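A short write-up of the structure that comes next.
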Amino acid sequence: MPEELPSLFLSYYSKLIEKECILLSFERIFGGASRETYKIEVSHDVDKIERLILRVTQDSSLIETDQKTEYLAYSAYQNSSVPVPVLLDMSEDSDILGAPFMLMKELQGAAASPFTPNIYSPHEVELGEQFWSILGEIAKKEIQEDIFKSFLRELKEPCWKNELDKWAKVIHEDSIGVEPILEAGIRSLYKNPPKEPERITMVHGDYRSGNFLYLDDQITGILDWEMAHLGNPLEDLAWALSPIWSWQDKERPAYLIEKEKAIEIWQNSSNINLDRKDLQWWELFAAVKGMAIWISAGNEFKSGKNIDPINLFSAWIPGDIHLEVILDILEDSL
Amino acid sequence: MKPDINIALLNAAQEIINRFSPLIDDEYEKSRLSSWGALILISAMKFNDSGSSLKQENADILDWLLKFTNLDEDDISKYGYKVTSEIQDVSLMDADNQTLRGLLDREIIVLEGKEDAEGLKASYLLMRSMHQRRKVSDLVGLLQESES
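See below:
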């Protein structure tokens, strides 16, 4: 953390709320490789403590996304059935805190590691029903016109090609070794494209175990919207279902409830009739997209741009798993 | 070198995870150090067989290329790979490995074009064995145990 960040923040926040504040704590949260995230406590009136979350763009991040994307995505779901933190401010200006940032109110709850089995026990059923239902709500929500238009600028149709081109480019730019399994997976995707969706929806882009907050048996917030975009809702479903998020219990995606039950809840919530063949395409795509992210992490690490151990971990463990998922899918399709 | 390098790394990982990490109050720095401990643990476990695994992988790819493609040893050597029984250092074997992987990928495209199911099946079997030998994801459970 830059030494001056807490004092810069204090001065900025006092100005924002037009009150003299006292900084009680300022801690960086470990994890996530696209933003530096800080948990902050400030007081400005006697007995009044505010708990805030600050997300600061990193110099070197895995996926280059601007702060505005995340802010707009959160904005789209304020006061909706999709629980998200209350937004306070956003700036693309680096002069205030040294980098673009977004400020939110802290939600109650904790995020789990996506790689720990039974992490949601004993509430996996309740949390599972909410997790898949909220994902359906994300797809169902009519997005406010001005926000929709902002995202629309980046959408080229067909959606599948738009996304596949994007991630294949990342793979080929950042790759640090020849990976025949991955290349075979990419070719298979281009050769057998899915249908276009009946309706273009908001796609969270990283909806999975580990990216939501929960408190006992309640999901209190959906986080990490920096990869949000418009597209095919099956992209989110397939990403959340990916076996990587329940590697030691593949029958229960995200270590929550069984896959078929999860899909049924999602269909009921989203009002979308699922095409299984298209879902299979998006499941293979999810593993390829994952590989792009893990390869990018490995590249950051190898080049020395960002030696956070999370980048090495990403390249080794999730990179391994998604490669195996691709091979499993290719073998099944032969 | 005695004690072996992997033993040194194993002990370093244990010291980091169990001794030094608990001394840190800052949650971010503590998690970051523990992650390093876990990654050093993985390195220690894969260290001893990294050279022999690479050598075996190169031999397996070469066998596959000779059996399922029109390439012979001369063709393959033109791409920079020389069949040798000499002991090589890991970086040389890795450079060979990249050459062979490139050829494997190229020849799989040929098989896909011909819709040669038998050749493709054999290529998937080869890639499965390559992946099995390299992968570290089966150590996830072990890492969780070491951190608990």
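Listed in order, the protein sequences are those of chains A and B. Note that the working numbering has the first sequence beginning at 287, numbered continuously upward. Note that the working numbering has the second sequence beginning at 906, numbered continuously upward. The C-beta atom is built at its ideal place from N, Cα and C for all residues, glycine as well. As the structure is a prediction and not an experimental result, all values here were calculated from the model.
Shown here, K1026(B) sits in a helix according to DSSP, grouped into three states. Of all residues in the segment 525-539 of chain A, those with a C-beta nearer than 8 Å to a C-beta of chain B are W533, Q534, reading in chain order. Ranked by Cα distance from Q566(A), the options G584(A), L598(A), K325(A), D618(A) are led by D618(A).
In the DSSP annotation of this structure, the continuous segment of the beta strand (DSSP E) that includes R321(A) starts and ends at 321-331. Cα atoms of Y360(A) and Q430(A): separation of roughly 12 Å, rounded to the nearest angstrom. Here I543(A) carries a coil assignment [DSSP, helix/strand/coil]. Contact with chain B is found for F401(A), since one of that chain's Cβ atoms lies less than 8 Å from the residue's Cβ. Per DSSP, reduced to three states, the secondary structure at Q534(A) is coil, with no helix or strand assignment. Taking C-alpha positions only, K455(A) is separated from A470(A) by approximately 15 Å. Listed along chain B, the residues sitting closer than 8 Å to D606(A) by beta-carbon distance are H1036, R1039, K1040, V1041, S1042. Out of V370(A), M376(A), K325(A), T343(A), the CA that lies nearest to the CA of G384(A) is found in T343(A). In terms of beta-carbon proximity, R937(B) lines the interface with chain A, with at least one pair separated by less than 8 Å. DSSP places Q961(B) in the helix class (H, G or I) of the three-state scheme. Going by DSSP, R1011(B) is part of the alpha helix (DSSP H) stretching over 995-1019.
In this chain, the beta strand (DSSP E) harbouring H515(A) covers 515-517. With a cut-off of 8 Å on Cβ pairs, the segment 474-481 of chain A is in contact with the segment 440-458 of chain A, counting three or more such pairs. If you look at I558(A), you'll find it isn't in any alpha helix (DSSP H); DSSP assigns it neither H nor E.
Sequence-distant partners of I457(A) (beyond 5 residues in either direction) whose C-beta falls short of 8 Å from its own C-beta, in its chain, are L468, I472, V574, M577, A578, I581. Measuring C-alpha to C-alpha distances from K960(B) to each of Q1037(B), V1015(B), L1030(B), D994(B) identifies D994(B) as the nearest. Contacts with chain B (Cβ-Cβ distance below 9 Å) from the segment 466-496 of chain A involve P466, I467, E469, A470, R473, S474, K477, listed in chain order. Closest in alpha carbon position to P539(A), among I551(A), E569(A), A526(A), is A526(A). If you check the CB distance, G422(A) and L542(A) do not come in under 8 Å. Pairing R937(B) with F925(B), the inter-Cα distance amounts to about 12 Å. E1023(B) has a beta carbon lying at 8 Å or more from every beta carbon in chain A. With a threshold of 16 other beta carbon atoms within 10 Å, S320(A) meets it and is buried. At least one CB atom of chain A sits nearer than 8 Å to the CB of Q1003(B). Nearest C-alpha to R562(A) among S556(A), S555(A), E546(A): E546(A). CA-to-CA, the gap between Y298(A) and L310(A) works out to about 15 Å. Beyond the five residues adjoining it in sequence on each side, I303(A) comes within less than 6 Å, by CB distance, of no other residue in the same chain. Inclusion of I981(B) and L1009(B) in the CB contact set at 8 Å is not warranted, their separation being larger than that value. At a Cβ-Cβ threshold of 8 Å, L1025(B) and L1016(B) count as neighbours.
A Cβ-Cβ contact shorter than 8 Å links G1046(B) with Q534(A).
Taking the Cα of K354(A) as reference, the smallest distance to any Cα among A524(A), A601(A), S377(A) is reached at S377(A). Going by C-alpha positions, I462(A) is about 15 Å away from R1039(B). Secondary structure note for T506(A): its beta strand (DSSP E) is the uninterrupted segment 504-508.
Below 8 Å, enough C-beta pairs join the segment 503-523 of chain A and the segment 485-492 of chain A to call them touching: three or more.
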